[in-house]
Amino acid sequence: MRLLDLSPTLFKAAGGEVPPSWQGIDLMPAWTGAAALPRRPAFAQHMVTGPLRAAAVLGRQKLILFNDQTPFAPANRYDERFWTLDLGRMQRVELYDLARDPRERSNQAAARVAEVDRLQPVIHRQLDRQLPGLRVFASGLPSGSRLRGSLTLDRPPTEWFPYFLAAGDRVELSGTRVSFDLGGETLEKGFVLSGDVGRVQRAEADLDGAPVRVLLGAGDPPASGGPAVKIRAPGRERKAAPAQPRDPETEKRLRALGYIQ
Numbered sequence: 383m384r385l386l387d388l389s390p391t392l393f394k395a396a397g398g399e400v401p402p403s404w405q406g407i408d409l410m411p412a413w414t415g416a417a418a419l420p421r422r423p424a425f426a427q428h429m430v431t432g433p434l435r436a437a438a439v440l441g442r443q444k445l446i447l448f449n450d451q452t453p454f455a456p457a458n459r460y461d462e463r464f465w466t467l468d469l470g471r472m473q474r475v476e477l478y479d480l481a482r483d484p485r486e487r488s489n490q491a492a493a494r495v496a497e498v499d500r501l502q503p504v505i506h507r508q509l510d511r512q513l514p515g516l517r518v519f520a521s522g523l524p525s526g527s528r529l530r531g532s533l534t535l536d537r538p539p540t541e542w543f544p545y546f547l548a549a550g551d552r553v554e555l556s557g558t559r560v561s562f563d564l565g566g567e568t569l570e571k572g573f574v575l576s577g578d579v580g581r582v583q584r585a586e587a588d589l590d591g592a593p594v595r596v597l598l599g600a601g602d603p604p605a606s607g608g609p610a611v612k613i614r615a616p617g618r619e620r621k622a623a624p625a626q627p628r629d630p631e632t633e634k635r636l637r638a639l640g641y642i643q
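Numbering (this note's numbering), first residue to last: 383 to 643.
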């Protein structure tokens with residue numbers, strides 16, 4: 383069960399009708415045997431300072447991605463200690479079979495590439511809703527290959543941020559021109575450009591010397607279906623869910639507990 387599913391399940395069990403604006407699903411049919419338990423992926427993200435760490439769980443498989451190439455200077459000795467621990471214990475890509483390895487000791491990412499490829503869209507779709515700036519991502523690259531390319535923008539970016547890049551990947555800014563040199567692997571990766579860059583005037587890329595597709599767009603991430611470079615602006619913000627009427631008794635209890643003023 384996901385935490386998101388707890389409220390609608392209990393609400394339905396108590397005889398209520400779940401508002402359509404709620405996230406999560408009612409699991410009572412599965413618990414009573416009226417329906418099969420839905421197989422839905424779960425997403426998790428770190429809630430502390432430091433480079434991005436995100437995970438996806440589906441069934442017994444868990445994928446963890448660590449954006450370890452992000453420049454990071456710990457603000458204090460406390461953050462520095464935990465950052466040093468993370469660098470020592472975490473790898474950029476980790477895959478675990480939670481049924482056989484619940485303590486997550488044996489990383490299977492290198493041996494089970496297809497499973498990494500199956501789970502990574504869960505992470506990318508969720509993070510895509512949060513990322514500001516122009517995204518430049520490469521996907522479907524054969525292992526051992528080399529992707530090189532560049533793009534020219536209306537205006538120069540303020541800066542760039544890595545998105546699960548490897549240690550040997552390179553990105554360079556020179557005015558309105560951005561060039562990149564990335565190693566091939568299953569993992570989708572790339573970089574994000576910040577600032578008001580305007581439109582992409584020109585984009586080109588090659589994989590080991592052969593031209594590769596460059597996909598331009600906005601909105602939901604396109605499915606590449608093979609080696610490709612995806613360049614896209616953030617999608618439109620989602621409409622906020624309609625406000626629900628306040629329950630005076632619930633509000634009174636929250637005030638008593640100090641959760642609201």
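Ideal placement from N, C-alpha and C gives every residue a C-beta, glycine not left out.
Between A587 and V594, the CB-CB gap stays under 8 Å. Taking 8 Å as the cut-off, the beta carbon of D450 is found closer than this to the beta carbon of R474.
Looking only at P423, P609, V582 and V400, the smallest Cα-Cα distance to Q502 is reached by P423. Counting of Cβ neighbours within 10 angstroms places V430 among the exposed residues, the total staying below 16. Within the stretch 410 to 473, the complete beta strand (DSSP E) runs of at least 3 residues fall at 424 to 427, 435 to 440 and 443 to 448. Here the alpha carbons of T466 and R459 stand approximately 10 Å from one another. Here DSSP, grouped into helix, strand and coil, assigns S389 to helix.
Taking a C-beta distance under 8 Å as the contact criterion, F543 and R552 do not qualify as a contact pair. In terms of Cα proximity to L598, the closest of R537, I613, F573 and I446 is I613. With a cut-off of 8 Å on Cβ pairs, the stretch 504 to 521 is in contact with the stretch 568 to 578, counting three or more such pairs.
Less than 8 Å divides the Cβ of P609 from the Cβ of L523. Here the C-alpha atom of P411 lies approximately 25 Å from the C-alpha atom of A438. 8 Å or more divides the Cβ of R507 from the Cβ of A481. Going by beta carbons, L445 and L477 fall inside the 8 Å limit. With contacts defined as CB atoms closer than 8 Å, L419 and T391 fail to qualify as a contacting pair.
Look at A496 here: in three-state DSSP terms it is helix.
Taking Q405 as the centre and dropping the five residues before and after it, the same chain places the C-beta of L386 closer than 7 Å to its C-beta, in chain order.
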